[in-house]
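Q: Top line first, the protein sequences correspond to chains B and D. Just so we're aligned, residue 0 is where the first sequence starts under numbering that gives the first Met the number 0, counting upward by one. Just so we're aligned, residue 0 is where the second sequence starts under numbering that gives the first Met the number 0, counting upward by one. Every residue, glycine too, gets a C-beta built ideally from N, C-alpha and C. Computed from a prediction, not measured in an experiment: that's the story for all the values here.
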Amino acid sequence: MEKSLGKTTKNHPWFWRSAIASIALRLVLIIYFPNTLNLSSRPEVSTPITSLRRLAEGYWLKRSSMSPYAGLYLDVCLQTFVMCVLIYYVVFDLIAGSMYHGSPLLLSIFGPLTVDRGEGQSHLLCGLAFVVSDFITAILIRAIGQLLQVTDIQSLKSLGAGRLSKISENFQSGDIASLVYLWNPLTIITCLGYSTSPIENLMIVLSLYGACRRLVPLAAFGWVIASHLSLYPVILIIPLVLLIGSGLDTPPRKLFLQQTCGNDYKKATNGSLHPINFSWRQVVLFFLWASAWALYVLILCGISIKDNSGLGEMFKRTYGFILSVEDLSPNIGVLWYFFAEVFDFFRDFFLIVFHINILFMVLPLAIRLHHRPCFLAFVYIAISSILKSYPSVGDSALYLGLLGLFVNALADMQFSFFLFFGYLGTLLLSPVMHNLWIWRGTGNANFYFATAMAYACFQIVLVVETVSSMLNHDRALKQGATMVEKKLQ
Amino acid sequence: MEKSLRRNCCSGHFPIGKFFLIFTSRVKFRLQVLMAITTGFFRKPSISCFVPAYAWSNLGSGNQKVWYQVKFIDNAKIVEVASDILTLDMVHKYRIKEMELSFTQGRWSYDSWGGFDPIASSNAKPPGVELWAVFDVPPDQVDASWKNLTHTLSGLFCASINFLESSTTYSAPDWSFRSLSGNLRYGLLPREAVCTENLTPWLKLLPCRDKSGLSLLMNRPSIYNGFYHSQRLHLTSDEFDPVALHGIVLEQTLTIVLQPDALDTRASFSSSRKLQPSWSMSSLFGKTVDGKCALAKSSNVYVQLEGSLVYNMKDTWNNIEGYEGEIVQEVPYEGFGSNSNFGFSISPDRMMKEINSFHKESYSILYGFSINNYHSSKPFDLGFWWKLPVTWSCVKAPLRVSRFLMGSGNEKGAIALSLQSTEWSQSLLEADKNKEKCNLRVDVFQVVPWYIKVYYHTTKIFVDGMPQALGDIIEKMNVSPSEDKVSPGVMEMILRLPCDMKSASLTLEFDKGFLHIDEYPPDANQGFDIPSAIISYPDFQTSLQYKEDNTSIKTPMVSKMQDRRTILSYTEVLLVPLTTPDFSMPYNVITITCTVFALYFGSLLNALRRRVNEEERLLKSKDKRTSKLQLLLSKFLAKLRGKPWEPPSSTPPSSSSKFISSKVILRVLLIAAIAFGWQYYDK
């Protein structure tokens, strides 16, 4: 799909035409088929965190001057520091809240849009908001792609003239990525399914874009909001810092050193294109901005739920709910069935193990791929969307879109055919199995869990393959560079 | 115990036992008898040392009702011993202000057994166990008291009331259940099976157990053969008030609906209308009463003729032609036992007429029978037969309420509450025609378990099929949403329905939850119960006030009926099937999921760890380091095979020799040593 699109999108008009066509498709589906698709109840699309229906319930409770997270007997532990809450909730058994588990800010923004004004048009405004956010995300991805390509060409140029011939054959990876994002059926389903994941995706891409352009406040804003909405983007701090500190993706730094050693030393002074120095000033600025935004968000949240409940309860109901996997309703992840079946006394242990699994790979990946922060961010997003507690296809849609950014580097990736049809197969089988189990009662939970398992496996294979082919790409670059070097000598 | 008794007696606290039966019947030709037996121990400062006990019965068929009431009066002391176990200990320990516990099997049919009389609104209970209690403790200790109380009652009544201990099963309604409910806790166990093991401890609280007096009638087969039975225990205490008036009052009620076998009727009719089945105590219960309980001061049986029955009997008289006999225009109570409509086998001792009844024309009549003078040689066996066919209908509740589920599949659904007007509300409309706008206030109280995740913002109200704005109908709404595994969802609502509506319905959508395998009951596929909702009509209060011929004897039973009660009715229990996981899968799921995680972790780490040209380097180094041990091994193997030994060539070493390398042996030894050490120290 990526390649076929890539060939057609060399020209810009083509890009705009197909982008607008995808937006038009969404609008048509939203306006003319608002209820026939009924995607909002699909477990693949809306999770307890992102469901707009739950948001509407939370907004209704808030309007009736009850806590949006209200339960009957609330013993609120007032731990306002995020880290404290994280540790607390990982270690101790948690109490999940009522229906709504999202951010109070989303509640304030989208709540009024969900109010039924009769005639069943209640979700139309929300749908339009999601279409807009999808479009902005796509544009931002395209901008990131263009920036990446420019850097790529520059670094390759500096590595050696011998590879220049290949550069001209490269695809416009930004156009491809944004079109993949826009035309991906998963993105369209998510947009129509009234789940808030388009907003989360937008925030993640916004922070990446800000970091690529070194717009520190923007990057910090995106990062803070994205982590506020779904917690997992917290780990994106490493790629963001790398992006801000040392710039966009480049081949391994050793190559440049070799290059400069092998050639005359004048070129070394020319190295402003590929900054070897890590700009600590920008990073400190990023942290300052991030803490300022975090404070701002906390204050806003505090104001919006001031009358009903405290910040402690908010953390408990959002992050606590995410970390403790209290809702065992089926989704495309693997944790729901695991925690529905696992013995109670192992529950805490496995909660810790599964969440630490995400954190375990953060450091090895950062060490190995520190020269490619954008790719690192992609890998982090993919990993967290595989292993998160309530995954949805919206998360997959984001990393599949970002995958398009690296279409040149990953050109010789293995198993792409197998993966494509694997994704297709599991995503088609998943509703069938769900229907057999829930609606017809002829199948059982294992059927649906099997598709979730298969989906997780395919995602894992995708991540492993992309990482190893990116490493291979770097190796090939190195070999090419040494060959160029030899030729020059 | 003796001391405490004496003290109580001296201080003027005397127990009073009360006993009371109701018989009702419904469908034509299928006479069903409803019987309620109430017992109470009143400990109040009074001069006389009475323990009156009553049986009140109400029986009818088709659309009739008759009531009985039986009274015991007795000596107080032993009664107090029995009540001490429960009341004193429990009330003092948990500081209970008021408590009610009921065990019910079957569902009260509000349409055919009445929905507007005091019996229906106080003795008709939801299926299973219902327990509510008001505590006189600080608000933070209420839950603890409740938990202790459930355990105590669970032990006392051999029932699983202790399941109400979990915070997911009980709730604290604000205002809809009782108007002044500060420290109230309310819990329902809809699936509790009620049987004799619950009745026996209940009977033990009676002064004479089931050994003598009216409680002799409580023959287990006849009780449990009935259509409905409900045993209720109500306890009020103002011990903790500085100005104590009544002390602790314990009231026990047993309500039964029975179907009488048709007795041979004295009068036969050629008319197409058939006579209602007649009954007697021996035919209903298979037992007779041989005198009052020795501990009771007096025992009485009351038979109530309902207002509409009395009204219809006059009509019947006028309509029937060809009946030979004098036509009685007046209500037939002039001659006590002998009447041209019906007859008693024993002539009543007293008769009372209802005053201030709701309908001016129809008033109910109460016949009283005292069984004080009966003994074992002359048992009390009250019989009743019809002489003329009469049909009537009981007074129904203002609205006919039913609750049902909508939707299919195990993912989501909706709860619908349907309210339909009855003849009663039609008459209300006629009565209030002059008023500008007539409203019917309906209070709804509904508790939903947490695994039914109700979306309260989807509340919709339809009046006569037309959707209405919520603000027009709902006057007040209080929702406390459920919290997973912590508390149930509670909805309290005040509706203002227009009087002229035919039907109204209220729908709420919900998602079905998914539980952990341990949370499913053994019969998981049967489904889960949503407890009954309570619909009450605070605008209407019911009471029966009788003008007694002999006003000097103000019997507690009759004065009890005079208490004004809010009319309420319980809806059906809903059965919700929930999706089940595969209960046999835990090990498989754990291993498979962990395998996937291992796949992720291992393969990703492997991809990261791999270096450029690593494999080639590894092979080269292996070629160089062909160890002496390997050489020796290969020689040894060659000799074993009987082949001449060839020195190892440059080709990579064969798999066998690779397998038995020194490193592998070392590793195996190390692991064995660790295992051995582990085993050794573990012992």
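Suppose contacts are defined by Cβ-Cβ distances below 9 Å. Is glutamate 340 (chain B) in contact with methionine 584 (chain D) by that definition?
A: Cβ atoms of glutamate 340 (chain B) and methionine 584 (chain D): closer than 9 Å.
Q: Return the chain-ordered list of same chain residues with a C-beta closer than 8 Å to the C-beta of valine 330 (chain D), the five sequence neighbours on each side being excluded.
A: Bear in mind that the predicted position of valine 330 (chain D) carries a pLDDT of just 44, short of 50, making it unreliable; the figure below should be weighed with that in mind. Only Val309, Met312, Lys313 and Ile364 meet the Cβ criterion.
Q: Between the Cα of valine 300 (chain D) and those of D:Ser282, D:Phe341, D:Ile255 and D:Gly212, spot the shortest distance and give me the residue it belongs to.
A: It is D:Gly212 whose Cα lies nearest to the Cα of valine 300 (chain D).
Q: Could you tell me whether the Cβ of alanine 606 (chain D) comes closer than 9 Å to any Cβ of chain B?
A: Yes, alanine 606 (chain D) counts as interfacial toward chain B.
Q: For valine 489 (chain D) and valine 447 (chain D), I'd like the C-alpha separation in whole angstroms.
A: Distance between the alpha carbons of valine 489 (chain D) and valine 447 (chain D) is about 6 Å.
Q: With which residues is lysine 452 (chain D) paired in a DSSP beta bridge?
A: Answer by DSSP bridge pairing, in chain order: D:Asp510.
Q: Applying the criterion that 16 or more other CB atoms from any shown protein chain within 10 Å of the CB defines a buried residue, is serine 661 (chain D) buried or exposed?
A: Under this definition serine 661 (chain D) is an exposed residue.
Q: Pick out whichever of B:Gly442, B:Gly479 and B:Gly421 has its Cα sitting closest to the Cα of leucine 461 (chain B).
A: If we check each option's Cα against that of leucine 461 (chain B), B:Gly421 comes out closest.
Q: Taking the C-alpha atoms as reference points, what is the distance between serine 369 (chain D) and isoleucine 354 (chain D)?
A: C-alpha separation (whole angstroms): 23 Å.
Q: For the region 165 to 242 of chain B, list the beta strand (DSSP E) runs that are entirely contained and at least 3 residues long, ordered along the chain.
A: Counting only runs of 3 or more, we get nothing.
Q: As a quick exercise: from B:Phe417, B:Leu418, B:Leu334 and B:Ala444, pick the residue whose alpha carbon is nearest that of proline 430 (chain B).
A: Of the listed residues, the one whose Cα sits closest to proline 430 (chain B) is B:Ala444.
Q: Would a C-beta distance cut-off of 9 Å place leucine 386 (chain B) and tyrosine 599 (chain D) closer than the cut-off?
A: Taking 9 Å as the Cβ cut-off, leucine 386 (chain B) and tyrosine 599 (chain D) qualify as a contacting pair.
Q: What do you get for valine 324 (chain B), buried or exposed, if any count of 16 or more other CB atoms within 10 angstroms of its CB means buried?
A: Its Cβ being crowded by 16 or more others within 10 Å, valine 324 (chain B) is buried.
Q: Count Cβ pairs between the region 96 to 110 of chain B and the region 137 to 151 of chain B that sit closer than 8 Å; are there 3 or more?
A: Verdict: no, contact absent.
Q: Just to make sure I have the definition right: I need the residues of chain B whose C-beta is within less than 7 Å of the C-beta of glycine 408 (chain D). Which are they?
A: Ordered by position in chain B, the residues that pass the 7 Å Cβ test against glycine 408 (chain D) are Ile437 and Trp438.
Q: Quick one: Cα of valine 378 (chain B) to Cα of leucine 239 (chain B), how far?
A: Straight-line Cα distance between these residues: approximately 13 Å.
Q: Nearest CA to the CA of serine 229 (chain D): which residue from D:Tyr366, D:Ala132, D:Glu99 and D:Thr565?
A: Closest option to serine 229 (chain D), Cα to Cα, is D:Glu99.
Q: Of the residues D:Phe582, D:Pro378, D:Lys452 and D:Asn147, which one's Cα is nearest the Cα of valine 485 (chain D)?
A: Among D:Phe582, D:Pro378, D:Lys452 and D:Asn147, the Cα nearest to that of valine 485 (chain D) is on D:Lys452.
Q: Closer than 8 Å by beta-carbon distance: list the chain D residues that pair up with isoleucine 459 (chain B), in chain order.
A: Per Cβ cutoff of 8 Å: Val595, Leu598, Tyr599, Ser602 and Leu603.
Q: Given that phenylalanine 344 (chain B) touches chain D, what residues does it touch there, using C-beta distances under 8 Å?
A: Those do not exist, as phenylalanine 344 (chain B) stays about 11 Å from chain D at its closest Cβ, beyond 8 Å.
Q: Cβ closer than 8 Å: which chain D residues qualify as neighbours of serine 467 (chain B)?
A: What serine 467 (chain B) touches in chain D: Ala606 and Arg609.
Q: Mapping DSSP to helix, strand and coil, what is threonine 235 (chain D)?
A: Threonine 235 (chain D): strand per DSSP, three-state reduction.
Q: What residues from chain B crowd round methionine 584 (chain D), counting only those whose CB sits closer than 7 Å?
A: Simply Glu340 and Asn445.
Q: Excluding five sequence neighbours on each side, which residues of the same chain lie with their C-beta closer than 8 Å to the C-beta of asparagine 471 (chain B)?
A: Asp411, listed in sequence order.
Q: Between glycine 319 (chain B) and proline 250 (chain B), what straight-line distance do the alpha-carbon atoms span, to the nearest angstrom?
A: In a straight line, the C-alpha of glycine 319 (chain B) is about 40 Å away from that of proline 250 (chain B).
Q: For histidine 374 (chain D), count neighbouring C-beta atoms within 10 Å of its own C-beta (all shown protein chains included) and say buried if the count is 16 or more, exposed if not.
A: With fewer than 16 other Cβ atoms within 10 Å, it is exposed.
Q: Taking Cβ-Cβ distances shorter than 8 Å, what residues in chain B pair up with threonine 578 (chain D)?
A: Chain B residues near threonine 578 (chain D): Trp436, Ile437 and Ala444.
Q: Quick one: which chain B residues come within Cβ less than 8 Å of lysine 411 (chain D)?
A: What lysine 411 (chain D) touches in chain B: Ser40.
Q: Tell me the rounded alpha-carbon separation between serine 699 (chain D) and phenylalanine 403 (chain D).
A: Any question about residue 699 (chain D) goes unanswered here, given that chain D covers just 0 to 682.
Q: If I measure Cβ to Cβ from phenylalanine 383 (chain D) and keep anything under 8 Å in the same chain, skipping five residues before and after, which residues do I get?
A: Result list for phenylalanine 383 (chain D): Leu58, Val65, Ser277, Trp278, Ser279, Val302, Phe341, Gly342, Phe343 and Ser344, in chain order.
Q: Where does aspartate 538 (chain D) sit, in a helix, a strand or coil, going by DSSP?
A: Here aspartate 538 (chain D) sits in strand by DSSP.
Q: Under a three-way DSSP split, which group does serine 551 (chain D) fall into?
A: Here the model assigns serine 551 (chain D) a pLDDT of 47, short of 50, so the residue's position is not dependable, and the following value carries that caveat. Coil, per DSSP.
Q: Does chain B have any CB closer than 9 Å to the CB of proline 521 (chain D)?
A: Output row for proline 521 (chain D): interface = no.
Q: Relative to the C-alpha of tyrosine 455 (chain D), which residue among B:Asn37, B:Arg212 and B:Leu60 is closest?
A: For tyrosine 455 (chain D), the nearest C-alpha among the options comes from B:Leu60.
Q: For serine 493 (chain B), does the three-state DSSP call read helix, strand or coil?
A: Given that chain B is displayed from residue 0 to residue 488, the structure contains no residue 493 (chain B) and the question cannot be resolved.
Q: Which partner residues of arginine 349 (chain D) appear in the DSSP bridge assignment?
A: DSSP output for arginine 349 (chain D) lists D:Gly367 as bridge partner(s).
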